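Student: The structure that follows is given in the form of structure tokens.
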Amino acid sequence: MSEVAELVSLVSFLVANEGISLREAAKATHRTPKRLLSDLDRMVMCGVPPYTPSDYINYSLRGVGDQARIRVNFAGHFARPLNFTPQEALALKYALEHFSRSADPESLKQAEDMIRLLREALHGRAQELLSDRGKGFVTPRRTERMRRMIGLLSKAVEERRVVEIEYYSAHRARLATRTVHPFAVLEIGAHFYLYAWCALAGDTRHFRLDRIRDARLLEERFAASAPKRREAGRMDSLFHGTPKDRLVVRFSREVAREVCDEWEGSPDVQIRPLRDGRAEIETPLYNQFWAIGFVMGFGDQAELLQPKWMRKELEQTVRQSLKAHG
Amino acid sequence: MAGSVGATERQLNLLSTLLKARAPLGWPELADIEGYNDHDTPLRSRQKRFERDLKALEAAGLKVSRQSVHNRWHYELDRGACLLPPLGLSPEQRLLMYRIGMAYLQGDEAGPLRRSLSSALMKLQAGAGGDGLPAELPQTFVRRTLNRRPAESARLDVIGPALLDRRRVTFKYAGRGKGAATTRTVAPYALVARRGGWYLVGYDIERKAERTFRLSRMRGAVTLATPRAKAPEYEVPTDFDPERSFSTELFGRGENAFRDVRIAFSAEVGFIIENEFEGMYQLKTRKDGSVILHLPQAYPDELLRFIGEFPGHWQVQHPPELRKLVVQRLRGALKNSGRAR
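If you read the sequences in order, they're chains A and B. Everything in the first sequence is counted per numbering that gives the first Met the number 0, starting at 0 for the first residue and increasing by one. Everything in the second sequence is counted per numbering that gives the first Met the number 0, starting at 0 for the first residue and increasing by one.
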């Protein structure tokens, strides 16, 4: 994507939204206020012959800090944005399609209407690409229940409503009712999470949406924002506190390669291929219930080497499952 | 000082002048533009620079037509093709566009759609004039990320933009067999996420056929096959279906898969099964809240990994052979835990 097209899009946006605050402009144009100003500084060198002062684009800021209002001058010729490049048309199409796979019925209808509007309004290559049936980023479609839950909790997040959830915790291996202040709904890896402050834990937690049996929006609203230290979207942010121990598991030759491929590059994970084709994986242990399920999921293809104290629990869980099978 | 003008600034000056012009421009007018008026540079070099810049503008979707007037070339922007047609967005659509921007583009890990999607949304919002943004901007939003496992993210960040630009990629790949990794050059058609991992579906240039590659089996970095190429290198066939190469059965299918699989889940976790599979597979909720999941077919490995997440809450009911195999595996796990002790 050309830098010229990106800068011109930015100026078109600012001309259309004259007087917008620096903070809102930065948010709407997906950059930091600092980056926005540095991009604008690149545009002020741009002008047309004969290069009198009013032939150069310039901008002014009224006010201080992120609340300052931006006005771009002498850029009327950029007021109408440039047409979509093929890449932009595809990126928009792919994002709308991906978004729709887990959208609640209302958002899904809006996304479909949007694609239709673009198809009808655009022309040339952009229109061709938008009409193409081919998909670019394909993720599994969520069930109706999950899409409704995503919609409901997103509403709670936007309206800052306190929510009561009935949640199955893998950590406690049981259902419990929790009162939470929802900060964001996140899609990380193969799952959706609710990032929220939890009254029961007295701290923030990531709750897997498929583990929420029921969610009830209360009338009460909360004021506090998400803590700054949040690193939402990162795989490792799902784990909290200090690790309880180190988890070491040895995998058979049959599954070693698959497991190593999946864990490669994960933070704090050591992969040790053994000469006979087996492999050991060492990782911090945050949650023994998850770890027991993980090891057990491999049946006889995995051996729990460490921590030793967890072996008893693993054995009990396996016995319990065996008993269920008579 | 015109000689020190950078390419981006020079192209912006050229674009500004072409946009403002009301008639085709000839070389004398173009030569006045900052970046082409450095008279120390020979005229031929300045003209060559101009030709390169025109190509760069064309690559950004701007069509510049040329016509001969009195035996001299004149240039003009094709406004109809270059400018976004006016789009009236409803308040709901404005909010949707804002949400999509927030969902995919906030933060450091904006992922493979980053630049093109951001620019497209800015254009849409600008094209709707002062009404481009919702009346009230929500403070929070659903955050989406296409990136998954760390090792996959770096590859996705190369393959994703290559897919948008229709550029070929090259990488070393170790398939399921035991052979050494081989170098593959592929025209990406789509990226498909299945069972927590990403797959690239594309046209393998050397094998002259469509192939599927699991991103976690790629070795080392993925790069563009021809980094210097500027234009798209292929088209995705119009009848291409990215899910054609994938089984619709989540737990696998084929000759060795078990058929008519039934698993009972306890009342405590039954709703999770409903959340995941309602409408996809047959589910039966019993009076006590427990749920029976009925899968037309499944491989034991895939299935065990999934049900392993609910220790003590499941029981394989059917077929008897699968039940027997699961019991064998569990006994093996018990033996392993004893041996390790």
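Built from N, CA and C at the ideal position, the CB exists for glycine as well. Since this is a predicted model, take the numbers as computed values, not measurements.
Looking at C-alpha atoms only, which residue of A:54, A:103, A:88, A:27 is the closest neighbour of residue 114 of chain A?
Tutor: That would be A:88, whose Cα lies nearest to the Cα of residue 114 of chain A.
Student: Does the distance from the C-beta atom of residue 36 of chain A to that of residue 28 of chain A stay below 9 Å?
Tutor: Cβ distance not < 9 Å, so residue 36 of chain A and residue 28 of chain A don't count as in contact.
Student: Is it buried or exposed for residue 17 of chain B, if we count other Cβ within 10 angstroms and need 16 for buried?
Tutor: Residue 17 of chain B is buried by the Cβ-count criterion.
Student: Can you name the residues of chain B whose CB is closer than 9 Å to the CB of residue 149 of chain A?
Tutor: Within chain B, the residues near residue 149 of chain A are 141.
Student: Could you have a look at residue 74 of chain A and say whether DSSP puts it in helix, strand or coil?
Tutor: Reduced to three states, the DSSP call for residue 74 of chain A is coil.
Student: Cβ of residue 232 of chain A less than 9 Å from any chain B Cβ?
Tutor: Note that residue 232 of chain A scores a pLDDT of 37, beneath 50, so its modelled location is shaky; the value from the coordinates is reported in the next line. Residue 232 of chain A counts as touching chain B.
Student: Spatial neighbours of residue 97 of chain A within its chain, please: CB distance less than 7 Å, with the 5 preceding and 5 following residues excluded, ordered by chain position.
Tutor: Result list for residue 97 of chain A: 136, 138, in chain order.
Student: Mapping the DSSP letters down to three states, classify residue 298 of chain B as helix, strand or coil.
Tutor: Residue state, collapsed to three classes: coil.
Student: Looking at the unbroken beta strand (DSSP E) that takes in residue 316 of chain B, where does it start and where does it end?
Tutor: Run containing residue 316 of chain B: 313-317, per the beta strand (DSSP E) assignment.
Student: How many whole angstroms separate the CB atoms of residue 181 of chain B and residue 169 of chain B, which I take to be in contact at a CB cut-off of 8 Å?
Tutor: That belief does not hold up - the Cβ atoms of residue 181 of chain B and residue 169 of chain B are roughly 11 Å apart, past 8 Å.
Student: I'd like to know whether the C-beta of residue 195 of chain A is nearer than 9 Å to at least one C-beta of chain B.
Tutor: Answer no: the Cβ-Cβ gap between residue 195 of chain A and chain B never drops below 9 Å.
Student: Between residue 322 of chain A and the ligand ATP, is there a pair consisting of the residue's CB and a ligand heavy atom that are separated by less than 8 Å?
Tutor: Because no ligand of any kind appears in the structure shown, any question about the ligand ATP cannot be addressed here.
Student: Give the residues of chain B in contact with residue 134 of chain A, contact being defined as C-beta atoms less than 7 Å apart.
Tutor: Chain B residues near residue 134 of chain A: 189, 241.
Student: If the cut-off is 8 Å on Cβ atoms, which residues from the stretch 314-335 of chain B count as contacting chain A, listed in chain order?
Tutor: So the close ones are 314, 315, 322, 325, 326, 327, 328, 329, 330, 331, 332, 333, 334, 335.
Student: Considering only C-alpha positions, which residue in the set B:188, B:197, B:190, B:184 is nearest to residue 189 of chain A?
Tutor: Selected option, being the one with the closest Cα: B:197.
Student: From the DSSP output, in three-state form, read off residue 214 of chain B for me.
Tutor: Of the three classes helix, strand and coil, the one that applies to residue 214 of chain B here is helix, per DSSP.
Student: Return the chain-ordered list of same chain residues with a C-beta closer than 7 Å to the C-beta of residue 258 of chain A, the five sequence neighbours on each side being excluded.
Tutor: So the qualifying residues of the chain are 250, 278, 280.
Student: Per DSSP, which one or two residues make a beta bridge with residue 214 of chain A?
Tutor: Paired residues: A:164.
Student: Going by the CB atoms, is the gap between residue 213 of chain B and residue 185 of chain B shorter than 9 Å?
Tutor: Contact: no.
Student: Comparing alpha-carbon positions, which option in B:86, B:215, B:52, B:289 lies nearest residue 173 of chain B?
Tutor: Measuring from the Cα of residue 173 of chain B, the nearest candidate turns out to be B:215.
Student: Pull the bridge partners of residue 95 of chain B from the DSSP assignment, please.
Tutor: Paired residue(s): none; residue 95 of chain B is not in a bridge.
Student: In its own chain, which residues sit with a C-beta less than 6 Å from the C-beta of residue 2 of chain B, not counting the 5 before and 5 after it?
Tutor: The predicted position of residue 2 of chain B is uncertain, since its pLDDT is 49 and thus under 50; a value taken from the coordinates is nonetheless stated next. Excluding positions up to five away in sequence, the list reads 37.
Student: Quick check: residue 161 of chain B and residue 223 of chain B, are their CB atoms within less than 9 Å of each other?
Tutor: Yes, they are a contact pair.
Student: Note down, in chain order, every chain A residue with its Cβ under 7 Å from the Cβ of residue 32 of chain B.
Tutor: Near residue 32 of chain B (Cβ distances below 7 Å), the residues of chain A are 48.
Student: Can you name, in chain order, every residue of its own chain whose Cβ lies under 7 Å from the Cβ of residue 335 of chain B, other than the five neighbours on each side?
Tutor: No residues qualify anywhere along the chain.
Student: Residues of chain B with CB under 9 Å from residue 142 of chain A, in chain order?
Tutor: Result: 273, 274, 275, 276, 277, 278, 279.
Student: At a CB distance below 7 Å, what residues from the stretch 112-126 of chain B approach chain A? Give them in sequence order.
Tutor: For the stretch 112-126 of chain B, which is checked against every Cβ of chain A, the residues closer than 7 Å are 112, 114, 115, 116, 117, 118, 119, 121, 122, 124, 125, 126.
Student: Find the nearest neighbour of residue 325 of chain A within the set B:332, B:315, B:333, judged by alpha-carbon distance.
Tutor: Per the Cα distances, B:315.
Student: Look at the alpha carbon of residue 171 of chain B and the alpha carbon of residue 221 of chain B, and state the distance between them as a whole number of angstroms.
Tutor: Going from the Cα of residue 171 of chain B to the Cα of residue 221 of chain B covers about 8 Å.
Student: CA-CA distance, residue 158 of chain A and residue 91 of chain A?
Tutor: Going from the Cα of residue 158 of chain A to the Cα of residue 91 of chain A covers about 27 Å.
Student: Is the CB-CB distance between residue 143 of chain A and residue 214 of chain A below 9 Å?
Tutor: No; because the gap between Cβ atoms is not below 9 Å, this pair is not in contact.
Student: Determine the closest residue to residue 217 of chain A out of A:194, A:20, A:181, with distance taken between C-alpha atoms.
Tutor: Cα-wise, what sits closest to residue 217 of chain A is A:181.
Student: Around the Cβ of residue 70 of chain B, are there at least 16 other Cβ atoms within 10 angstroms (buried) or fewer (exposed)?
Tutor: Result: exposed.
Student: Quick one: is residue 221 of chain B near chain A, going by C-beta distance under 9 Å?
Tutor: Answer no: the Cβ-Cβ gap between residue 221 of chain B and chain A never drops below 9 Å.
Student: Note down, in chain order, each residue of its chain lying with its Cβ closer than 8 Å to the Cβ of residue 303 of chain B, except the 5 sequence neighbours on either side.
Tutor: Same-chain partners within the cutoff: 325, 328.
Student: Could you list which residues in chain B have their beta carbon closer than 9 Å to that of residue 29 of chain A, in chain order?
Tutor: Within 9 Å Cβ-Cβ: 100, 101, 103, 104, 105, 109, 113, 116, 117, 120, 121.
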